[in-house]
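So the sequence shown is numbered by UniProt numbering: it starts at 1 and just counts up by one.
In what follows, a structure is listed as structure tokens, so that the remarks can point back to it.
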Amino acid sequence: MTYVVIDNCIACKYTDCVEVCPVDCFYEGENMLVIHPDECIDCGVCEPECPADAIRPDTEPDMEKWVEFNRKYSEEWPVIITKKDPLPEAEERDGETDKVTKYFSEKPGEGG
Numbered sequence: 001m002t003y004v005v006i007d008n009c010i011a012c013k014y015t016d017c018v019e020v021c022p023v024d025c026f027y028e029g030e031n032m033l034v035i036h037p038d039e040c041i042d043c044g045v046c047e048p049e050c051p052a053d054a055i056r057p058d059t060e061p062d063m064e065k066w067v068e069f070n071r072k073y074s075e076e077w078p079v080i081i082t083k084k085d086p087l088p089e090a091e092e093r094d095g096e097t098d099k100v101t102k103y104f105s106e107k108p109g110e111g112g
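Written as structure tokens, this is what we have:
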């Protein structure tokens, strides 16, 4: 099992999760985070820290696409270990549907 970040992180990018991760397996894109599924140790401490409820175990239904999504971008984006402010539109976008189509950016974040 591993944990993955799903679409509710897009356009929110809360980073509360990165500070509790014992193995630094979060990676930062321009407007979301991902978890490297091969680095995650399945401890689950990140899941309750996410205000947007955007971290899920890969054992939930239909998570295969998110495992591959997280794998792809974690290999392209820089690692993030320090909490940052969420995106300005985070509260407004939290819970919105179809965020991958509307807002997702493949550009890397700054990391750090």
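Using N, Cα and C, we set each Cβ at its ideal position, and we do this for glycine too.
Keep in mind it's a predicted model, so treat the numbers as computed, not measured.
DSSP three-state label for GLU39, please.
coil
Express the C-alpha separation of ASP42 and ILE10 in angstroms, rounding to a whole number.
Approximately 22 Å, taken between the alpha carbons.
Based on Cα-Cα distance, which residue from GLY112, GLY95 and LYS107 lies nearest to CYS12?
GLY95
If you check the beta carbons only, do CYS40 and THR2 fall under 8 Å apart?
Taking a C-beta distance under 8 Å as the contact criterion, CYS40 and THR2 qualify as a contact pair.
Tell me the DSSP secondary structure of VAL79 in three-state form.
strand
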